[in-house]
Amino acid sequence: MLVKSSLIALAVATSAFSRILLVERDGRPFYPRRFGQEQCGGIGGEIGSTCNGAICGVLGGRVPGTLLAGAAECAQQDLADDIIDASKDQDAATAAKMVALAVKLRQCEKNTPPDFTTNPPALRNSVFCQKQPRNQQLVGLNQAQDPANDPDLFFDPVTKATVRKGSQANTSPLGGGGGGGVAPPVVSTTVAAAPAATTTSVAAADDTASCAPPVTVTVTSTPAAATIADTTGTCAPPTTVTVTVDADGTDPKEVSTTAAPAAATSQAAATPAAPSGALDFGSCTNPAVEFGPAFEGRKLSENSFQPQNKNEFPQASALNGQIVLNAICNILNDRCKAPAATVAACKAAVTAVANVVGGAKADQFNAALGITSDFANVPAAPGGGPGSAALASTANFNKCDVPTVEFGIFDGRKENSFAPSGNGFVHGSALNGNIITQFICDRVKSDCNANTVAINDCTAAIAATQGKTGQAFADAFNTAVAQNV
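Printed below as a string of structure tokens:
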């Protein structure tokens, strides 16, 4: 009877305790946040499936990171800009869907942690981006805030601390508008893929409506056969595609497509020659693009494109050079206020180099603007800036030593075996030398973050060992792997 009573008492105590127990992380109660709202109903997957995976898949994969509490205040807007930039290389219907999703993403709620220094923990808003977006469709848009948050408290991702409204600029939307509320839905957005005026209109939310209004996106594009020949207004007839989506951005569908009669003139059929000298860039000085490794924390073996002057052209690096080139042309037009002829030449250059890869793509784009570069032969330095032929041809094992293979008695064996040597290459000995060399080259590619020259030399070193045994095997690998150090 005593045992039965004790079990009942334990069960009651456990039940009562479980009602107030909160899951802990790092010794603190974990308060569930609005994950459904913060992820915008799986918008990353929507973006990822909108176009080719090499473009949209990468963009969609970046979505969760921009909505985390520790993400930079402008990360969400920057990604939305990147999506719109990428849409300009797509067909009209796909571009419309991408723009609609970018607009939706910009207004998604961002995660913020409660302030555990108060009791009960205070719910905080996310701070606002303090720079203008690159694309007109995003002007005036901000992320939504949880209505349950304290309207006077914000989480600063830089200091990881609470800041009060008005204590710093980013506690209010850019331009001093009201903050802390849900951003109004976008009613109409027009995207011009050809050189034409781009407009955005944003209507205030109707507080009395039971449903949010739909979002209509109209994309006007010039037929692919037509090219920019002049800036006097003689252009090929546009094709208009209208797409209507729900206010939450789900299931965008093409509603109508209207093509004007194809009455292209002789002026519109000719592609202008690349300018012989530098063009007039308005208030900006250097719209050149550079190509090289390790931009913005990328791997040493990963080459990408970025503007040389990010103060004037604040566009993130991209593996797809078209994203960067399109952004440069847009900034020339919108921010630099360059002449129409310069903007037209820039856009024509983007089209001309669409199928060019690597450093040659950057060189040909720059040449069209009257700027000389040679990234095809001499990539930029790691992270950006002037490179050199010596730097480009030198093996850099970065976080690791130059690896070597040793042959001898190791790990208490009685027979000779192979073992790696050098910082960053910890592995037991092996009778089969191929096990050791493959391990070394795998590490060179991953943890060492080596450059392409080092990776290629390591691969060549494995080939050099074929048909060799013992010390000759080790010597062949060691000579080949260090050939460009």
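Position 290 of the sequence shown, counted from 1, bears residue number 287 in our numbering, the numbering being contiguous throughout. Note that CB positions come from ideal geometry on N, CA and C, so glycine has one too.
Annotated three-state conformation of residue 286 is strand, per DSSP. For a cut-off of 8 angstroms, the C-beta gap from residue 86 to residue 319 is around 5 angstroms, short enough to register as a contact.
In the DSSP assignment, residue 405 falls within the beta strand (DSSP E) that extends over 401 to 405.
Here residue 73 has 63, 64, 102, 103, 105, 107, 126 and 140 as same chain residues with Cβ atoms under 8 angstroms from its own Cβ, once five neighbours each way along the sequence are excluded. Boundaries of the beta strand (DSSP E) harbouring residue 161: 158 to 161, taken from the DSSP string. Residue 384 is positioned such that its CB atom lies no closer than 8 angstroms to that of residue 373. In terms of Cβ geometry, residue 45 and residue 57 form a close pair [threshold 8 angstroms].
In terms of Cβ geometry, residue 147 and residue 120 form a close pair [threshold 8 angstroms]. Secondary structure within the region 65 to 131: the alpha helix (DSSP H) runs of 4 or more consecutive residues, fully enclosed, are 72 to 84 and 89 to 103 (chain order). Around residue 109, the same chain offers 66, 121, 122, 123 and 152 as residues with beta carbons nearer than 7 angstroms, after the five sequence neighbours per side are excluded. Apart from sequence neighbours up to five positions away, the residues of its chain that approach residue 389 with a beta-carbon distance below 7 angstroms are 375 and 376, ordered along the chain. Taking a cut-off of 8 angstroms for Cβ pairs, the region 328 to 338 and the region 274 to 292 touch, as three or more such pairs fall below it. Taking C-beta separations shorter than 7 angstroms and ignoring five residues to either side along the sequence, the partners of residue 79 in its chain run 56, 313 and 320, following chain order. With a cut-off of 8 angstroms on Cβ pairs, the region 335 to 354 is not in contact with the region 419 to 433, counting fewer than three such pairs. With respect to residue 474, residue 441 sits apart: the two C-beta atoms are not nearer than 8 angstroms.
A residue is called buried when at least 16 other Cβ atoms come within 10 angstroms of its Cβ; residue 387 does not meet this threshold and is exposed. The shortest CA-to-CA distance from residue 382 to any of 351, 322 and 370 is the one to 370. Taking a contact as a CB-CB distance under 8 angstroms, the pair residue 92 and residue 52 does not count as one, their CB atoms being some 12 angstroms apart. DSSP assignment within the region 320 to 396 yields the following whole alpha helix (DSSP H) runs of 4 residues or more, N-terminal first: 337 to 349, 355 to 365 and 386 to 389. Cβ-Cβ distances below 7 angstroms link residue 167 to 70, 124, 125 and 127 in the same chain, with the five nearest sequence neighbours on each side left out; the list follows chain order. Taking a contact as a CB-CB distance under 8 angstroms, the pair residue 315 and residue 363 does not count as one, their CB atoms being some 16 angstroms apart. For residue 297, same chain residues with a beta-carbon under 7 angstroms away, outside a window of 5 residues either side, are 290, 291, 379, 393, 395, 446, 447 and 448 in chain order.
Residue 479 and residue 398 have their C-alpha atoms some 11 angstroms from each other.
The C-beta distance from residue 458 to residue 477 rounds to 4 angstroms, short enough to meet the 8 angstroms contact threshold.
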